[in-house]
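What follows is a set of notes on a single structure, which appears directly below.
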Amino acid sequence: MEDHFLIREHLAGPDQAAVSETLFTIGNGYVGVRGLLEEDDAHPTLDSTRVHGLFNFIEGGVSPDLAPAPHWLGLTIEFDGYRFGADTSQGRVLGAERILNVRDATLTRRVLWQTAGGSVIRLTFERFASAVDQHVLVLRLSVMALHGEPQMHISGGIDTRVSLASGFQHWEPWETGSPAPDAVWVRSRTLQSGYELAMAAALVTDLDAAPALLADGAHPQVAYSAQLAQGQTITITKLVGLSTSREGGNPLADALAALERARQAGYDALYYAHRAHWERVWEDSDVVLEGDPFLQRALRFCLYHILIAAPPHDNQVSIGAKTLSGAGYRAHVFWDTELFMVQPLTLTQPHLARNLLMYRYHRLPGARAKAKANGFEGAMFPWESADTGEEVTPQWTPPDPVTGKRIRIWTGELEQHLTSDIAYAIMQYWHWTGDDAFMRDYGAEIVLDGARFWASRVEWNAAENRYEINHVIGPDEYHEDVNNNVFTNTMARWHLDTARQVWDWLSDRHPEQAAALGRTLSIDTAALDRWQTIIDRIYIPFDDERQIHIQFDGFFDLEPVDVLEYQPRIVSLPGILGHEESAHLRVIKQADVVMLMALLGEQVADQSVQRNNWETYYPLADHGSSLSPAMHAWVAARLGRLDLAGELFEHAAEIDLRDNKGNSRDGIHGASCGGLWQALVFGFAGLHLTPDGPMLDPHLPPGWERVQFAVYYQGERHTFKIEGGDVSIERG
Ligand code: IFM
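Residue numbers (my numbering): 7 to 738.
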């Protein structure tokens, strides 16, 4: 029977390589390692490995990047002098496959290779980033000569010649050394930010051969030579210790200690501990969808990618839009994290969600500085965030390779709804977990200071006798500098209302904390009254006649366009019609009003208005952002549009597995992954909280035979099963 935890690839062509590297990323929430091939020393950047938090500005750069860590996967392998790899003058591939097993977070590659001299060799590579010891990376190669008895020469070490695709260097010259005859180490620090990183690697083998050190300055290696006996399997294991100054004062000593721990344990013990950890993870996180093998696999693939990016032991970092699987968006953190990736974690791995929310707590000083710099009060979170918490959205795109034209990016200035999105994720976390201590000590402060931002941000329109929020970008980023985006205004109102409730709870249950926060944030009766006035008088654009929300002022004056006429395509409409031209068209980049309905449902409008909104806005959606299809699927399922919901869900599921946005080479679309889970759980299964706890209201498309998942509610596990029209809940 097909195992739906496996993602397979057979003999990928070179044009598929960069996408496969993304899909086949392994990781452990501390480090992510793209699926570069082991012999891939011809790779243009050697950019395989990313460690959370190591941001660095290159000289003259516009925004910080996550500095790529050294490439530790490389192995140079020769049989009778023929070098294993893509060069067909050296040999030919008789068969090959790669399998990412998301059940135990390992990547396996099997190749049957015939040297130009006629020997036939079976090579099996297995790699994983230990989930138990986050500083340990493991790669094992098993080799068997099926025909011939070739002389094998193998070398491997740590390659420091990494750079981002931009070609810029982030590191001071690397120092190298060797702690043992079969091991090497490297260390350096980032040029601007001064983070230190050290890596130590040993090449251990059961070959009857002595190691030799190859002291190439930039790429120190260990090498072995031995004759293979036909039919005999030998193994070469690369054990790597990795540490940075973010965890301790002496990264080299820590990396060497990690390497020593790995040596002591050995491959088998490391792997079994790692696998046992993942078994426990899946007990809580697995989702079963019987009836559609592709969707089943996609759901697990998506959860895996969020899980390998979520930091288990660090609450000073967060997950970038492309996780740790690629250079896209410079690893910056967007609303993608809080509204898309945090939710599945809140319900299945709450400790991971908490770490991600704490990242925002630690970044409050940056958010306050941004508010102040813009003439506001409170905390205004940056649209793109890295390590310092300041706004790091670049202001211009890189020049277009053909026209040389740059496009101004306004989101850093104008896309402001993130502050409410963070508050929303906090409230979800609190309601689902009941973690009052988090709320008392951290969450309340974020929510309250965000409310202060909105109270200072709204503008009074005396002529209309209402508060407005002008000059913003909503989730639909095709339309910049708009007034009264309904998503932004409604979320701001929701935020202020929520902040009042949080304040009441804090004052009632934790009066000392309330008094302290009241003093530091200047929250008094006058402030609370003002919040209430804004709640009562903020403008929520609505067309009474058509009974629909209006996405922003003037939205229906835009020129109509038949979005469907341009199908099929993977390029967004602005990619076809031009950025400026699209701004005048009635086409929506991604769920905006629909996103609001996903988050707030009946709090936004009754079912009939929601249906009208759907009929109005769904046909205008370009899905130019990967965030869009899953949110649409969620809402379509809630509204009973199961035909469309199924289609949209499939679209979301294909985003990386079939590269249907054409840019998976840049990294996994983490938000879409989290959105897929939410579309299933909140949309199709209809999970919602009631005074009696979590309940379902399922609407499954035809053909889905069984859906099963577990969530935690206030510390208690609830397992839900939907099968043949029946719903069962098992508690505990
Ligand atoms: O946050 C998103 C945004 O909504 C659409 N453009 C890409 C960003 C990062 O994924």
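For every residue, glycine included, the Cβ atom is placed at its ideal position computed from N, Cα and C.
Next on the checklist: On the DSSP letters alone, give me the boundaries of the alpha helix (DSSP H) that H638 sits inside.
Outcome noted: Secondary structure note for H638: its alpha helix (DSSP H) is the uninterrupted segment 634-644.
Checklist entry - Taking DSSP as the reference, what is the three-state secondary structure of S227? => result First, the amino acid is wrong: residue 227 is Gln here, not Ser. In this structure, DSSP gives Q227 an extended state, which the three-state scheme calls strand.
Checklist entry - Which runs of the beta strand (DSSP E), 3 residues or longer, sit entirely within the segment 119-189? => result Entirely contained in the segment 119-189, the beta strand (DSSP E) runs reaching 3 residues are, in chain order, 126-135, 142-153, 157-163, 181-186.
Checklist entry - Going along the chain, which residues of its own chain have a beta-carbon closer than 6 Å to the beta-carbon of S2, five neighbours each way excluded? => result Residue numbering for the chain in the displayed model covers 7 to 738; residue 2 lies beyond these limits and cannot be assessed.
Checklist entry - Whole-angstrom Cβ separation of L262 and A268, contact assumed at under 8 Å? => result With a Cβ gap of about 11 Å, L262 and A268 do not count as contacting.
Checklist entry - Can you tell which of W341, T425, T121, W402 has the C-alpha that lies nearest to the C-alpha of A374? => result Note that residue 374 corresponds to Arg in the displayed sequence, not to Ala. Ranked by how close their Cα comes to the Cα of R374, the residues W341, T425, T121, W402 have T425 in first place.
Item to check | From L626, G67, L706, residue whose alpha carbon lies closest to that of R647 | outcome: Nearest option by C-alpha distance: L706.
Next on the checklist: I need the straight-line Cα distance from I735 to H724, nearest angstrom please.
Outcome noted: If I take the Cα positions, the gap works out to 6 Å.
Item to check | Inter-residue spacing [alpha-carbon to alpha-carbon] between E729 and A691 | outcome: Straight through space, the alpha carbons of A691 and E729 are spaced by roughly 11 Å.
Checklist entry - Got a sec, what are the start and stop residues for the beta strand (DSSP E) E202 sits in? => result Run containing E202: 202-211, per the beta strand (DSSP E) assignment.
Checklist entry - Nearest to Q557 by alpha carbon, out of S578, I540, A627? => result When C-alpha distances from Q557 are compared across S578, I540, A627, the shortest belongs to A627.
Item to check | For R109, three-class secondary structure by DSSP | outcome: The DSSP-derived three-state label of R109 is coil.
Checklist entry - Taking 6 Å as the cut-off, is the CB of L633 close to at least one heavy atom of the ligand IFM? => result Distances between the C-beta of L633 and the heavy atoms of the ligand IFM include at least one below 6 Å.
Next on the checklist: Taking the straight line between their C-alpha atoms, what separation do you get for H77 and T239?
Outcome noted: Rounded to whole angstroms, H77 to T239 spans 27 Å at the Cα level.
Item to check | Span of the alpha helix (DSSP H) around M701 | outcome: That residue, M701, is in no alpha helix (DSSP H); its beta strand (DSSP E) goes 699-701.
Next on the checklist: Between which two residues does the beta strand (DSSP E) holding T55 run?
Outcome noted: T55 -> beta strand (DSSP E) spans 55-57.
Checklist entry - Using the rule of at least 16 other Cβ atoms within 10 Å of the residue's Cβ for burial, across every protein chain shown, is W460 buried or exposed? => result Buried, because 16 or more other Cβ atoms sit within 10 Å of the Cβ of W460.
Next on the checklist: Given this structure, state the Cα-to-Cα distance separating Q220 from T166, to the nearest angstrom.
Outcome noted: Here residue 220 turns out to be Leu, not Gln, going by the sequence shown. So the alpha carbons of these two residues sit roughly 14 Å apart.
Next on the checklist: Beta-carbon within less than 8 Å of H516's beta-carbon, same chain only, minus the 5 sequence neighbours each way: which residues are those?
Outcome noted: Listed in chain order, the non-local C-beta contacts of H516 below 8 Å within the same chain comprise R446, local neighbours out to five positions each way being set aside.
Item to check | Buried or exposed (CB count within 10 angstroms, at least 16 for buried), R644 | outcome: R644 comes out buried.
Checklist entry - How big is the Cα-Cα spacing for E15 and R104? => result Those two C-alpha atoms are separated by around 5 Å.
Checklist entry - Taking Cβ to Cβ, would you say R369 is nearer than 7 Å to G410? => result Not closer than 7 Å, so no.
Checklist entry - Secondary structure at L262, three-state DSSP: helix, strand or coil? => result Looking at L262 - three-state DSSP - the assignment turns out to be helix.
Checklist entry - Alpha carbon to alpha carbon, how far is T403 from G372? => result Spanning the two alpha carbons is a distance of roughly 24 Å.
Item to check | Length of the line joining the Cα atoms of V68 and G59 | outcome: The straight-line gap from Cα to Cα measures roughly 18 Å.
Checklist entry - Does the Cβ of D427 lie closer than 6 Å to at least one heavy atom of the ligand IFM? => result No, since every heavy atom of the ligand IFM falls outside the 6 Å radius drawn around the Cβ of D427.
Checklist entry - How many Å lie between D665 and V25 at the Cα? => result Using only the alpha carbons, I get a separation of about 7 Å.
Next on the checklist: Could you check whether N619 and H555 sit closer than 7 Å to each other, using their CB atoms as the reference points?
Outcome noted: Their beta carbons are under 7 Å apart, which means H555 touches N619 by this criterion.
Checklist entry - Identify the residues that DSSP records as bridge partners of E296: which are they? => result Here E296 is bridged, per DSSP, to R712.
Checklist entry - Three or more beta-carbon pairs under 8 Å between the segment 184-202 and the segment 109-118, yes or no? => result Touching, no.
Next on the checklist: So for E421, helix, strand or coil by DSSP?
Outcome noted: Three-state result, E421: coil.
Item to check | The beta strand (DSSP E) enclosing V39, as first and last residue numbers | outcome: Where V39 is concerned, the enclosing beta strand (DSSP E) stretches over 37-39.
Next on the checklist: the ligand IFM and F340: does any heavy atom of the ligand fall closer than 6 Å to the residue's C-beta?
Outcome noted: Result yes, Cβ under 6 Å from the ligand IFM.
Checklist entry - What residue range is occupied by the uninterrupted alpha helix (DSSP H) comprising G676? => result From DSSP, the alpha helix (DSSP H) with G676 extends over 676-684.
Checklist entry - Taking the alpha carbon of V492 as the point to measure from, which residue in F300, L17, I544 has its own alpha carbon closest? => result Nearest C-alpha to V492: I544.
Checklist entry - Per DSSP, Q616 is paired with what? => result Partner(s): none; Q616 has no beta bridge.
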